[in-house]
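One structure is given here, and the rest of the page talks about it.
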Ligand code: UD1
């Protein structure tokens with residue numbers, strides 16, 4: 020089994036270039052099969068989640084071709100749009116974003132049969148809002164044996180949909196189906212994350228008529244068909260935020276390139292509260308920290324609030340700050356599973372319900388750790404880079420779901436990290452003279 024081997028204690032310095040946004044890519048790649056013409060998507064992050072989704076699309080007949088590592092050409096004309104269509108393979112259940120194929124296929128063929136989504140285990144992640152949205156558009160949706168969602172409609176008709184909870188996935192999924200419905204759909208209390216705007220912009224480039232993405236009311240006027248397009252995905256807000264937190268936790272100085280600074284405001288502002296310096300340029304940010312860090316309070320909220328996908332990483336940096344910090348998770352239950360691992364490194368954290376109370380400590384010590392999900396895994400990498408001594412992190416497949424070349428990028432910043440897969444390589448890393 021592969022592990023990260025990390026020797027901590029080096030402040031990270033240099034430049035890192037951020038990949039395309041994973042969560043935007045998942046929506047956009049699924050949407051690309053809604054036309055029978057060729058679609059070229061650029062800046063696709065080369066991570067296991069996007070490759071898994073593309074494999075599932077190929078398995079139902081889409082043609083997928085990589086022009087280079089980040090550019091994918093997709094042609095959805097070969098998909099059999101009849102009742103024989105079924106998305107189910109050993110991989111698709113591992114990624115939550117497989118649910119976007121329900122909206123895309125339902126819109127295009129008025130029929131979808133997709134294995135129920137998996138993804139990171141960060142609490143109960145229902146899809147009731149997605150289902151309610153499809154039903155309001157006129158579809159009949161059943162969860163059949165084998166854990167599959169079957170959605171079908173004689174006709175899809177635009178409707179007024181109010182989301183009880185702000186949901187990224189439901190907003191995108193309803194937008195996908197409504198794009199090829201008849202008439203006008205209004206999605207109220209829509210999520211406003213940057214990747215929602217990106218998916219809407221992509222659909223509009225294919226000929227859709229979507230207005231208001233990025234606000235809490237999205238209006239979709241259905242069109243009868245979509246056409247081919249070329250599109251480049253926005254940079255990944257969370258990958259950028261992760262490197263920002265890493266720079267701060269290791270007291271480093273990192274220029275983070277290919278970002279949209281506006282998308283990082285909630286993260287930047289918390290890091291500044293902690294005593295870090297964040298300088299914004301047009302498409303990059305420099306993050307610097309030296310000396311003592313201060314405690315602060317963080318509450319995760321839908322965009323433009325502080326992202327839940329950055330909660331574990333900032334909490335890790337807060338463990339190394341003076342005073343008492345409070346971190347409140349208001350989006351998902353069960354998103355503090357990394358806490359037990361940090362405690363083994365010397366952190367002082369008490370979790371009460373959806374709140375973590377963190378008392379700052381001067382430093383961490385290296386340990387054998389296990390990643391429990393994607394962002395928790397990233398947080399443990401940050402902790403290990405800031406720690407005294409050597410750490411080994413198990414279950415790095417979670418991290419690979421969403422971070423492209425994570426170890427290579429960290430090494431380029433001077434961080435000591437390697438992927439090891441045998442006792443011999445572990446020993447070799449431990450004995451390496453620094
Ligand atoms: C997406 C992101 C994930 C991020 C999350 C919140 C993707 C592939 N994943 O996940 O990285 O952490 O947004 O920013 O883009 N809910 C319901 N019913 C539903 C759907 C959601 O009750 O039908 C609840 C969830 O349990 C959660 C909240 O709504 O409490 C927000 O979830 P949602 O925004 O839907 O998250 P995802 O789309 O799964």
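Numbering (our numbering), first residue to last: 20 to 453. Just so it is clear, CB atoms sit at the ideal spot from N, CA and C, and this is done for glycine as well. Just so we're clear, the structure is a prediction, and the values are computed from it rather than from any experiment.
Per-residue DSSP class, three states only, for residue i
i: residue 278; result: coil
i: residue 179; result: strand
i: residue 442; result: helix
i: residue 122; result: helix
i: residue 91; result: strand
i: residue 8; result: There is no way to answer for residue 8, as the model of the chain reaches only from 20 to 453.
i: residue 290; result: helix
i: residue 71; result: helix
i: residue 190; result: helix
i: residue 422; result: coil
i: residue 247; result: coil
i: residue 451; result: coil
i: residue 303; result: strand
i: residue 351; result: coil
i: residue 213; result: helix
i: residue 260; result: helix
i: residue 411; result: strand
i: residue 48; result: helix
i: residue 309; result: coil
i: residue 339; result: coil
i: residue 227; result: coil
i: residue 150; result: helix
i: residue 157; result: coil
i: residue 393; result: helix
i: residue 115; result: helix
i: residue 66; result: coil
Cβ neighbours of residue i in the same chain (closer than 7 Å, five flanking residues each side left out)
i: residue 65; result: 88, 89, 423
i: residue 167; result: 107, 132, 133, 134, 135
i: residue 259; result: 37, 275, 278, 283
i: residue 251; result: 61, 62
i: residue 158; result: 125, 170, 171, 172, 175
i: residue 184; result: 148
i: residue 340; result: 293, 312, 313, 314, 379
i: residue 44; result: 63, 64, 69, 252
Assumed close pair residue i, residue j - CB separation to whole angstroms, cut-off 8 Å
i: residue 155; j: residue 114; result: That pair is no contact at about 26 Å.
i: residue 121; j: residue 93; result: The pair is not a contact, with the Cβ atoms about 18 Å apart (cut-off 8 Å).
i: residue 232; j: residue 242; result: Contact doesn't hold; Cβ gap of about 16 Å is too wide.
i: residue 315; j: residue 327; result: In fact, because the Cβ distance is near 17 Å, the residues do not count as touching under 8 Å.
i: residue 433; j: residue 33; result: 6 Å
i: residue 355; j: residue 336; result: In fact, because the Cβ distance is near 16 Å, the residues do not count as touching under 8 Å.
i: residue 39; j: residue 254; result: 7 Å
i: residue 48; j: residue 71; result: Incorrect: roughly 10 Å between the Cβ atoms, too far for contact.
i: residue 210; j: residue 186; result: 6 Å
i: residue 263; j: residue 229; result: About 31 Å separates the two Cβ atoms, so there is no contact after all.
i: residue 298; j: residue 291; result: Wrong, their Cβ atoms sit about 10 Å apart, outside the cutoff.
i: residue 359; j: residue 383; result: Not really, about 14 Å apart at Cβ, beyond 8 Å.
i: residue 177; j: residue 204; result: 4 Å
Residues of its chain near residue i, where Cβ-Cβ distance is below 6 Å and the 5 sequence neighbours each way are ignored
i: residue 30; result: 269, 270, 271
i: residue 236; result: 207
i: residue 261; result: 332, 397
i: residue 58; result: 51, 93, 247, 248
i: residue 449; result: 409
i: residue 369; result: 376
i: residue 294; result: 312, 313
i: residue 440; result: 21
i: residue 413; result: 22, 389
i: residue 435; result: 26
i: residue 267; result: 290, 295, 308, 336
Own chain, CB closer than 8 Å to residue i, minus 5 neighbours either side, in chain order
i: residue 385; result: 25, 26, 27, 364, 403, 406, 407, 408, 409, 410
i: residue 75; result: 106, 108, 110, 111, 117, 120
i: residue 190; result: 182, 206, 209, 210, 215, 237
i: residue 330; result: 317, 319, 346, 348, 354, 394
i: residue 104; result: 79, 98, 124, 128, 130, 131, 132
i: residue 419; result: 66, 67, 425
Buried or exposed by the 16-neighbour rule on C-beta atoms within 10 Å, applied to residue i
i: residue 429; result: buried
i: residue 97; result: exposed
i: residue 162; result: exposed
i: residue 283; result: buried
i: residue 392; result: buried
i: residue 234; result: exposed
i: residue 474; result: Shown here, the chain extends from 20 to 453; a query on residue 474 therefore has no answer.
i: residue 446; result: exposed
i: residue 525; result: An answer regarding residue 525 cannot be provided, because it is not within the stretch 20 to 453 covered by the chain.
i: residue 321; result: buried
i: residue 427; result: exposed
i: residue 451; result: exposed
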